[in-house]
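Asker:
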Amino acid sequence: MNIRKHIVLLLTILLVCSCSEDKTENFTPTDYKVSGKVEKGPFISGSTITLQPLDGKLNPLGTSFPATITDDEGNFDFGSLNLDSPYALLTTTGFFFNEVKGRLSDAQITLQAIVDLTNQSTVNVNILTHLKKDRLKTLVAGGKSYTEANQQAQTELLTNFALQKYANTDVSRFSITAGTDEAAALIVVSSVLIDNKSEAKLTESLAKISNEFKQNGTLSEETKNAYRTTAYEIMRNSTKQRIMQNIIDRYIELEKTVTVKDLSYFVDWDGNGIAGDELGDPNVEKKITLEKSMLDVPVGGGTYTIKITSNVPVTLSPLYAQGIEVPSEMNSDLFNYGNISFAQKSLDQSNLVVKIDPASAYLMKEEIVTVYSMDGSVYAYLHVKQAGDLSKTPAALTSKGNALLQGAYSYTSTALSFLRAGEALYAKTYALPASLSDWSQFANPPISTINQTNKTLYINSYNAIGRWTNFEGEQSCIPNLTTLKASLYYEMMVAWGRIGYTKVNEYNIPQITEKELFALMEDNLLHAVNTLDAKKTDLSTTAGLFFMSKDVPCAVLAKYYLYFKEYNKAHNVLSMIVNSGRYQLENSRSLAFSANSREMIYAISVPAAGASTHPLGEMATGMVNLPIATYTEVMLSMAECAYYLGNTASAKTYLKPVLDRAGISEDPDLLISLRKAWESELKGTGTYFAFLKRNELALSQLSIPNSGFLVWPIPEEELSKSYGWTQNPAYITH
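Everything in the sequence shown is counted per the numbering used here, starting at 24 for the first residue and increasing by one.
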């Protein structure tokens, strides 16, 4: 055999060996029925699709079969095709329904899929098949069989999206209309990848992801983080529900009913690489409850363990959550609120543990601690309130708050000075000074309905009420406000009987009876008693004056109870003051009303000197404050309650120290002794006229024509401004 023949033989052997190692399969031409659907959302009717047969290395064989999407569900049907290979590349270009925006796309996109038609006549083209295609080709080119490469690419792709549990079903069988887990997984990936992108940006993004994935079956950390962040964002409840509803509504338009599973279960919320395992059973409603929803913390703080009952894993910090807002009144430009300081805030599946530091301010912001499901769609919250540090009262006000409060107190002190000057003259506790000649009708009633002084008293009172409306939005201050206004209303009620009760933003103020006012004030004052602090009010600062003791609403409420002869109730609230041990009688009336009085429960400083601003001072010279409540009044009120409750001995016990201080001998008639003590020790406090009225002593003690004049007239000019109001009867014909 010559050299040439040897070479030919060698080449032949090498060629045979080479062919034996080539894994390219030899196929027999076979008929395949090929149909399916194209879904981003569904491609619309008229979109084009082509099928290209591929060899064992997934290279085109050179033939191509065109078809068209036949309806708006994305369906296509090639019919029966005689193909040289079971492997095929499907490529489709068209418009589609955007499930995120809920409308058709503005431009076309192209999606592809490589499939094995051997045992699969129905194939779907979608985002996942498109992303798998190039990785599949890389693996086959590297020597893997199609089956091995397809399973590996399938698992790798879904694992990148934390959806590996669905890898046993080929993504070319996923369809958004199936109502299955796989359908929901496809919807999530499809929605997250498009988000708010344009079609051009989506195409660019898919190309980038495909290129990353085809190399080694993984996505870069940057890509995965971007996917997770977008998934967390759009799978929050409102957006997620909108996507689900958009899909349902689209198919209703196409006269088809589809169901969509809760998409939350197809996102990796806790970052452990497995979607949905952190949300519990998808067939059971997620529930989280705490054993309590309110936590009241003392000023010194403390550690608290709150039991959690939940059928899902819980967290304090989901990536996205609806959350609970702290009440808006805590964000004030009038008061300085301290923040509750949490030294610890932790949980396990069974307990929430919070450790709270001591209070840092007089007023503390309320805080919300929320326990969430991992996706933030279900939560329970703990509303935390902490008592303020009473030693920090002076710092409770901002400069604006301090100015507004000073203004409100100034208006109130002026109103009280006028009211009490009128009451003192009407009750004959002070003589009419020459400087107050305009007040003569108060000293010698009846008062005319057009009396200008009466009108001034009336207007001043409502001006003071109005000044407190600046603080109506401060929920934490409502007990303080209602107590102050209740005190003013009480003296106005004693003076004019039926008055107007003002509410925020109310244009027509209703005229209400004394009983109706009493019902309103009782509820408000009881709330204040149960809310305010047990302490002695600091009367030396504006803030201290405003953030009062619970003893103040007790004293004001007792005035109402006595006026309406509810002696048991009056005795109960007055006993709270007596039993507190915070007050004691001074040795003289002048000491009782002094700036450092040990018996002063609450008082407002008098306005600037002069008859025009402080008419009471023209009669009660040397008065440095206007008492709202004193211990003298408490003692005399307790004596009055005991007297009417049939406990004479107790009444005398309360009355005697006041009589002794005033130098008044005890009268056999205890009520007479009580009247004398009240007149002597409480004149000028706006309380004596009310005492006479409720004890039916006014007509015998005062020069008043008849019982109809036990109230003053509503000023005629003010009456004409108020819709539906009527004058006090005695003054209608007077």
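Heads up, the beta-carbon is just placed ideally off N, CA and C, and yes, glycines get one too.
All of these numbers come straight from a predicted model, not from anything done at the bench.
Measuring CB to CB, does residue 596 end up less than 8 Å from residue 552?
Answerer: Closer than 8 Å, so yes.
Asker: Does the Cβ-Cβ distance between residue 534 and residue 735 come in under 8 Å?
Answerer: Cβ atoms of residue 534 and residue 735: not closer than 8 Å.
Asker: Given this structure, state the Cα-to-Cα distance separating residue 650 from residue 487, to the nearest angstrom.
Answerer: If you take the alpha carbons of residue 650 and residue 487, they lie about 16 Å apart.
Asker: If you follow the beta strand (DSSP E) that residue 9 is part of, which residue opens it and which one closes it?
Answerer: The structure shown does not extend to residue 9, since the chain is modelled only from 24 through 757, so no value can be given for it.
Asker: Figure out for me which residue from 546, 200, 732 has the closest Cα to the Cα of residue 272.
Answerer: With distances taken between Cα atoms, residue 272 lies closest to 200.
Asker: Can you tell which of 495, 280, 538, 233 has the C-alpha that lies nearest to the C-alpha of residue 18?
Answerer: This structure does not reach residue 18, given that the chain is present from 24 up to 757, and the question cannot be answered.
Asker: Can you look up residue 760 in the DSSP assignment and give me helix, strand or coil?
Answerer: Lying before the first or after the last residue shown, residue 760 is absent from the chain, which here runs from 24 to 757.
Asker: For the structure I just gave you, are there three or more beta carbon pairs, one from the stretch 652-666 and one from the stretch 571-585, closer than 8 Å?
Answerer: The answer is yes - the stretch 571-585 touches the stretch 652-666, with three or more Cβ pairs under 8 Å.
Asker: For residue 394, write down the residues that DSSP places opposite it in a beta bridge.
Answerer: In DSSP, residue 394 forms a bridge with 403.
Asker: So residue 676 is in the alpha helix (DSSP H); what residue range does that whole segment cover?
Answerer: Residues 671-685.
Asker: Among 703, 563, 50, 208, which has the Cα closest to the Cα of residue 76?
Answerer: When each option's Cα is compared against that of residue 76, the closest is 50.
Asker: Assign residue 567 to one of three DSSP states: helix, strand, or coil.
Answerer: Three-state DSSP puts residue 567 in a helix.
Asker: For residue 745, which of 525, 617, 713 has the nearest alpha-carbon?
Answerer: Here the closest residue by C-alpha is 525.
Asker: Counting C-beta neighbours from all protein chains within 10 Å, is the total for residue 326 16 or more, i.e. buried, or is it exposed?
Answerer: It is exposed - the Cβ of residue 326 has fewer than 16 other Cβ atoms within 10 Å.
Asker: Would you mind working out which of 186, 493, 328 sits nearest residue 290, comparing C-alpha positions?
Answerer: Per the Cα distances, 186.
Asker: Considering only DSSP beta bridges, list what residue 365 is partnered with.
Answerer: Paired residues: 379.
Asker: Residue 326 bridges to which residues according to DSSP?
Answerer: According to DSSP, which records beta bridges pairwise, residue 326 is partnered with 378.
Asker: Counting only runs that start and end within the stretch 559-646, where is the beta strand (DSSP E) found for 3 or more residues in a row?
Answerer: Whole beta strand (DSSP E) segments, 3+ residues: 623-628.
Asker: Kindly indicate the opening and closing residues of the alpha helix (DSSP H) around residue 658.
Answerer: Element bounds for residue 658: 654-667.
Asker: Suppose the cutoff is 6 Å on Cβ atoms and the five residues either side in sequence are ignored; what does the same chain contact list for residue 44 look like?
Answerer: Low per-residue confidence applies at residue 44: pLDDT is 38, beneath 50, and the placement is therefore not dependable enough to give any value.
Asker: Spatial neighbours of residue 293 within its chain, please: CB distance less than 7 Å, with the 5 preceding and 5 following residues excluded, ordered by chain position.
Answerer: Only 301, 397 meet the Cβ criterion.
Asker: Please list, in chain order, all residues of the same chain as residue 237 whose beta carbon is under 6 Å from its beta carbon, the five residues on each side excluded.
Answerer: So the qualifying residues of the chain are 157, 158, 161.
Asker: Report all residues from its chain with a CB closer than 6 Å to the CB of residue 366; omit the five preceding and five following residues, and keep chain order.
Answerer: Contacts found: 378, 380.
Asker: Can you confirm whether the stretch 168-177 touches the stretch 115-135 when touching is taken to mean that 3 or more C-beta pairs between the two stretches lie within less than 8 Å?
Answerer: Contact fails: fewer than three Cβ-Cβ distances are below 8 Å.
Asker: Based on Cα-Cα distance, which residue from 140, 98, 471 lies nearest to residue 106?
Answerer: The shortest C-alpha separation from residue 106 is found at 140.
Asker: Measuring only the C-alpha atoms, how far is residue 539 from residue 400?
Answerer: Taking the straight line from one Cα to the other gives about 47 Å.
Asker: State the start and end residues of the unbroken alpha helix (DSSP H) segment that holds residue 504.
Answerer: From DSSP, the alpha helix (DSSP H) with residue 504 extends over 501-519.
Asker: Please classify residue 299 as buried or exposed, where buried requires at least 16 other C-beta atoms within 10 Å of its C-beta.
Answerer: Buried is the call here.
Asker: Taking DSSP's pairing of strands, which residues face residue 62 in a bridge?
Answerer: Residue 62 pairs with 65, 149.
Asker: Beta-carbon separation of residue 198 and residue 142 under 8 Å?
Answerer: The answer is no: Cβ separation not under 8 Å.
Asker: Judging by CA-CA distance, which residue of 212, 206, 386, 274 is the nearest neighbour of residue 184?
Answerer: The candidate whose alpha carbon is nearest that of residue 184 is 212.
Asker: Among residues of its own chain, excluding the 5 on either side of residue 38, which ones have a beta-carbon nearer than 8 Å to its beta-carbon?
Answerer: For residue 38, the predicted structure reports a pLDDT of 42, less than 50, and the residue's modelled location is therefore unreliable. A value from the coordinates is still provided. Here the set comprises nothing.
Asker: Given residue 114, which residues of its chain have a CB within under 6 Å of its CB, disregarding the five upstream and five downstream residues?
Answerer: The residues are 73, 135.
Asker: Below 8 Å on the Cβ atoms is my guess for residue 662 versus residue 672; work out the distance and round it to an integer in Å.
Answerer: Not really, about 11 Å apart at Cβ, beyond 8 Å.
Asker: Note down, in chain order, each residue of its chain lying with its Cβ closer than 6 Å to the Cβ of residue 52, except the 5 sequence neighbours on either side.
Answerer: Same-chain partners within the cutoff: 105, 107.
Asker: For residue 212, report the span of its alpha helix (DSSP H) as first-last.
Answerer: Element bounds for residue 212: 204-217.
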